[in-house]
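S.K.: The structure that follows is given in the form of structure tokens.
Numbering (this note's numbering), first residue to last: -3 to 500.
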């Protein structure tokens, strides 16, 4: 019965139409705009639950498919479908958007309707990215989601918001142009814009390498990978809290999703030929960016660099598969890397979103993100302090939290590929603890730092609800990752078989 409903279309268009309705309501009654946005985001989240409950984990086939001709002359279709890769990312999107709407409930006082509408419309566009099975439809959603984020940073951002928005837009748009060229070339070769048709397209090594590089330029900027990461700290620092949460929790994952949906299945030979490049860039992100995070004095910048380092784990896990086969002669352990990378992306969505919300709680009270302006926050905000310590521990990879699961799986897979890969990847356990726990030491613990800290009020009921839900998610995934792993197992196993069909 669920498969007969246009569930994916509802997930895409309910938030978009809800955002338009919020815009139409305007700012005459801000409470009404907030309420309509919350109702819309909650409805979208509830609509996403059947994706999980009705998903058949025993097959790698696309499910909940919808297919309607769009531009018949060019075989462009409104084609939607989900598998074990896209379902958890869609649910993460709908879950996070509810929290972002709640987070901006009292804080945003200027152009409330436009703020809420931008997040709802962006939610629908991001879900479209994860559900699109037509390359043109994917590209429309991919580019479209940049516009609301551009406006969110540019209108509600900090003093250097114009610089940050232009840098964000130019970086992401630059890479997308190369991806568009690759998509058009594959259409000419196959006569179809179907992404699944691209997976079956026989391409020579030169073609694959060029297409792989085109995809890399688009997806590496989104992740972001070193050295095209410099837009992210600026965007995070200038973005409002909600913008930072969506950037870290969802938009970075779209780059990782692109590697799994496009790069590996379409260009498997080029992926093997250039796996050393992705592995090297991933390890640089884990180690070098970890050291960069340690020296940051701005809390948002520290968490932004932490995001780059942790996303390096995801891309490392995705591209270890060829090195594992070369080293062991079998694919045993390769699936562990893919699953670890996916778990890392979902976990990072919870943890990074929670940390940015913690910074937002402090910024709303003191209007400062500088670490030196704080100290001893736990003395006046004990409940908040407990939450922030938990999320910092999870960011460090503490066993029992979601931060441990993905990193542990990728490190285990790295050992099967190369000892030095595993050694360098494992440094994140030290570096992550260094920058996360040192942040907590300077901000949360110790004597009360100044009069402003002494006057701080602990979290209110709304903030407690937001942080409490995220804490539950971090602990649940850390203690019981099986439902997530089972959800994506068949899809990633099929992807691995497709990529490695000629390698074993």
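Even for Gly, the Cβ is constructed at its ideal location relative to N, Cα and C. Please read all numbers here as calculations on a predicted model, not as lab measurements.
(1) Buried or exposed, going by whether 16 or more other CB atoms sit within 10 Å of the CB of residue 159?
(2) With C-beta atoms as the reference, is residue 103 less than 8 Å away from residue 26?
(3) Use the C-beta contact count for residue 363: other C-beta atoms within 10 angstroms, 16 or more gives buried, fewer gives exposed.
(4) In terms of residues, what are the limits of the beta strand (DSSP E) holding residue 316?
(5) By DSSP's criteria, residue 190 is part of a beta bridge. Which residues make up the other side?
(6) Any chance you could list the alpha helix (DSSP H) runs of at least 4 consecutive residues sitting entirely within the segment 135 to 164, in chain order?
(7) In this structure, what does DSSP give as the bridge partners for residue 375?
(8) Would you kindly report the start and end of the unbroken beta strand (DSSP E) that includes residue 78?
(9) Are at least three pairs of beta-carbons, each pair with one atom in the segment 227 to 245 and one in the segment 184 to 199, less than 8 Å apart?
(10) Nearest to residue 67 by alpha carbon, out of 1, 190, 185?
(11) Let's test the definition: count the other Cβ atoms within 10 Å of the Cβ of residue 403 and tell me whether it reaches 16, buried, or not, exposed.
(12) Identify, in the order they occur along the chain, each residue of the same chain with its Cβ nearer than 8 Å to the Cβ of residue 165, setting aside the five sequence neighbours on each side.
(13) Is it the case that the Cβ atoms of residue 98 and residue 462 are separated by a distance below 8 Å?
(14) Grab the span of the alpha helix (DSSP H) containing residue 51 for me, first residue to last.
(15) Would you kindly report the start and end of the unbroken beta strand (DSSP E) that includes residue 293?
(16) Determine the direct distance from the alpha carbon of residue 486 to that of residue 55, and round the result to whole angstroms.
(17) Enumerate in chain order the residues of its own chain whose CB-to-CB distance from residue 156 is below 8 Å, with the five nearest sequence positions on each side excluded.
(18) Tell me which residue opens and which closes the alpha helix (DSSP H) that residue 416 is part of.
(19) Run through DSSP, which three-state label would residue 403 get?
(20) Mapping the DSSP letters down to three states, classify residue 452 as helix, strand or coil.
(21) Please classify residue 272 as buried or exposed, where buried requires at least 16 neighbouring CB atoms within 10 angstroms.
(22) Helix, strand or coil, according to DSSP, for residue 61 in the structure here?
(23) Are three or more beta carbon pairs between the segment 444 to 463 and the segment 296 to 308 nearer than 8 Å?
(24) Around the C-beta of residue 351, are 16 or more other C-beta atoms found within 10 angstroms, so that it is buried, or is it exposed?
(25) Taking the beta carbon of residue 45 as the centre, do at least 16 other beta carbons fall within 10 Å, making it buried, or is it exposed?
(26) If you compare alpha carbons, which of 58, 4, 64, 251 is closest to residue 138?
M.R.: Judging by the given coordinates:
(1) exposed
(2) no
(3) exposed
(4) No beta strand (DSSP E) contains residue 316, which DSSP labels as neither H nor E.
(5) 130
(6) 142 to 152
(7) DSSP, once it has assigned bridges, lists no residue as partnering residue 375.
(8) 72 to 78
(9) no
(10) 190
(11) buried
(12) 142, 146
(13) yes
(14) Taken as a continuous stretch (DSSP letters only), residue 51 belongs to no alpha helix (DSSP H), as it is neither H nor E.
(15) No beta strand (DSSP E) contains residue 293, which DSSP labels as neither H nor E.
(16) 6 Å
(17) 230, 233, 234
(18) 415 to 439
(19) helix
(20) coil
(21) exposed
(22) strand
(23) no
(24) buried
(25) exposed
(26) 251
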